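Residue numbers (UniProt numbering): 1 to 458.
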């Protein structure tokens with residue numbers, strides 16, 4: 001019989017409501033017994049009192065939230081009331097969303113560092129062999145609207161309009177002040193600016209700040225290009241510095257160069273839906289065995305080409321091993337990358353399989369897929385030829401199956417389509433945390449709760 005008012009003979013226990021191998025139990029044991037939280041605890045050195053909430057509690061709920069796609073601090077607070085796993089992890093405590101957001105912001109770097117620890121656990125479980133890894137990038141939307149961006153040309157035009165409006169409003173305010181002084185006397189305060197004037201002055205200040213940032217970026221880029229060309233010509237340091245300074249003085253932003261007012265670090269990028277959005281470019285190197293992320297990063301350049309060697313080096317730094325084979329699409333192909341890849345092949349034995357992309361008009365003719373490679377063949381010709389061989393086709397065919405499902409899993413299971421934190425540091429830290437939680441989810445699927453203690457103790 002259904003009786004909502006029926007009392008319980010014994011007090012209920014949340015522990016009885018969670019299955020033995022539940023992900024929440026896995027996260028709890030990781031945080032309590034196996035993860036190094038010393039970087040977080042080091043922030044709490046005040047001998048008087050204690051942190052408002054135990055750092056273990058906060059790390060527990062953040063890791064579980066980021067693993068299951070609950071990332072908003074307000075959503076986590078609601079889950080702490082409504083959801084059994086969250087209530088169990090927090091032992092009934094309910095930190096409000098401000099406390100959760102402050103903790104995440106304060107310890108974002110340390111939380112991102114958990115990526116390396118999660119990867120080490122995956123290695124200990126035998127989930128990472130580095131026999132074959134694949135590299136790819138994905139555009140992750142920033143917490144900013146492209147409608148809040150403005151081009152340099154539009155900024156210049158709008159700056160003039162706003163400056164004229166501010167001058168007119170100031171003149172009108174001065175006229176009104178004089179009239180009121182005549183009517184009411186000079187004892188009255190009149191230092192509060194009209195709302196309309198404050199709004200225009202704020203917009204004008206933001207536009208001038210954005211213009212200055214674009215100008216600084218243009219100067220830095222011009223200086224770097226001029227110095228690189230000067231060094232290639234063999235100029236001495238003084239000459240190189242002088243040419244760099246001259247180029248910086250003459251530099252000006254392109255009229256269409258844009259800057260977003262909400263998140264200035266984000267950039268307009270073309271996404272998979274064929275539209276342009278404010279984004280960051282996330283990179284991930286993925287091991288073939290269990291789709292574990294072995295290296296990751298976040299940057300503001302829409303192009304992937306600058307990440308091939310740096311991500312390979314990060315893979316070695318994170319794992320202590322050199323990958324056997326590295327697979328990457330045509331976005332990573334450049335003469336410099338292929339030359340440096342050949343050097344790593346010679347030094348460390350790592351084979352690179354990088355799609356050469358479409359042949360441009362000025363490219364040399366392709367090398368025949370059979371027979372001896374001509375001595376004068378370029379690095380791009382050699383790479384294109386290697387991918388036409390039976391081995392090359394078979395190896396490169398695995399690229400999509402290794403790396404692309406990872407972005408799909410993170411997008412679907414972790415709600416990683418859009419970042420919550422703004423600025424490059426915030427975006428990178430949040431992406432590192434998402435990558436760490438992806439690896440923890442993979443680890444839970446392989447070893448479960450019961451195998452975690454034996455794994456770490458082995």
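Glycine included, every Cβ here is placed at the ideal spot set by N, Cα and C.
These figures come from a predicted structure and were not determined experimentally.
Quick check: what's the CA-CA separation for residue i versus residue j?
i: residue 410; j: residue 297; result: 15 Å
i: residue 102; j: residue 215; result: 34 Å
i: residue 97; j: residue 4; result: 32 Å
i: residue 345; j: residue 352; result: 8 Å
i: residue 235; j: residue 222; result: 17 Å
i: residue 380; j: residue 317; result: 27 Å
i: residue 82; j: residue 322; result: 46 Å
i: residue 95; j: residue 13; result: 21 Å
i: residue 260; j: residue 73; result: 24 Å
i: residue 304; j: residue 136; result: 8 Å
i: residue 306; j: residue 85; result: 42 Å
i: residue 145; j: residue 212; result: 21 Å
i: residue 34; j: residue 302; result: 37 Å
i: residue 188; j: residue 244; result: Low per-residue confidence applies at residue 188: pLDDT is 49, beneath 50, and the placement is therefore not dependable, though the value from the model is reported in the following sentence. C-alpha separation (whole angstroms): 56 Å.
i: residue 32; j: residue 452; result: 12 Å
i: residue 328; j: residue 335; result: 14 Å
i: residue 91; j: residue 280; result: 36 Å
i: residue 439; j: residue 239; result: 50 Å
i: residue 89; j: residue 422; result: 28 Å
i: residue 276; j: residue 399; result: 26 Å
i: residue 387; j: residue 395; result: 8 Å
i: residue 385; j: residue 333; result: 14 Å
i: residue 63; j: residue 237; result: 50 Å
i: residue 224; j: residue 390; result: 43 Å
i: residue 417; j: residue 227; result: 39 Å
i: residue 325; j: residue 392; result: 11 Å
i: residue 56; j: residue 338; result: 45 Å
i: residue 116; j: residue 436; result: 8 Å
Considering only their Cβ atoms, is the gap separating residue j from residue i smaller than 8 Å?
i: residue 40; j: residue 77; result: no
i: residue 278; j: residue 268; result: yes
i: residue 419; j: residue 70; result: no
i: residue 143; j: residue 273; result: no
i: residue 397; j: residue 356; result: no
i: residue 23; j: residue 67; result: yes
i: residue 265; j: residue 114; result: no
i: residue 295; j: residue 315; result: yes
i: residue 412; j: residue 350; result: no
i: residue 119; j: residue 319; result: yes
i: residue 61; j: residue 37; result: no
i: residue 342; j: residue 354; result: no
i: residue 219; j: residue 251; result: yes
i: residue 44; j: residue 93; result: no
i: residue 447; j: residue 20; result: no
i: residue 443; j: residue 112; result: no
i: residue 138; j: residue 282; result: yes
Residue i: beta carbon under 7 Å from a heavy atom of the ligand HEM?
i: residue 241; result: The model depicted lacks the ligand HEM and carries no ligand whatsoever.
Assign residue i to one of three DSSP states: helix, strand, or coil.
i: residue 299; result: strand
i: residue 20; result: coil
i: residue 121; result: helix
i: residue 311; result: helix
i: residue 285; result: strand
i: residue 395; result: helix
i: residue 136; result: strand
i: residue 379; result: helix
i: residue 141; result: strand
i: residue 188; result: For residue 188, the predicted structure reports a pLDDT of 49, less than 50, and the residue's modelled location is therefore unreliable. A value from the coordinates is still provided. Residue state, collapsed to three classes: coil.
i: residue 401; result: helix
i: residue 446; result: helix
i: residue 294; result: strand
i: residue 416; result: coil
i: residue 325; result: strand
i: residue 8; result: coil
i: residue 230; result: helix
i: residue 183; result: Residue placement at residue 183 is poorly supported in this model, since its pLDDT is 49, which falls under 50; the coordinates are not used for a value here.
i: residue 239; result: helix
i: residue 126; result: coil
i: residue 422; result: coil
i: residue 387; result: coil
How do the stretch 281-298 and the stretch 130-142 stand: do at least 3 beta-carbon pairs fall below 8 Å, yes or no? yes
Between the stretch 21-37 and the stretch 401-408, do three or more beta carbon pairs fall short of 8 Å? no
Within the chosen definition, does the stretch 108-118 reach the stretch 424-431 through at least 3 CB pairs nearer than 8 Å? yes
Runs of beta strand (DSSP E) lying entirely within the stretch 245-283, each at least 3 residues, in chain order: 258-260 and 267-270
Cβ contact (3+ pairs, closer than 8 Å) linking the stretch 246-256 and the stretch 114-124: no
As an exercise, report each continuous beta strand (DSSP E) stretch of at least 3 residues that is fully enclosed by the stretch 331-363, in chain order. 351-354
Whole alpha helix (DSSP H) elements within the UniProt domain "Transposase InsH N-terminal" (13-106), 4-residue minimum: 23-29, 38-41, 55-68, 73-82, 84-89 and 97-106
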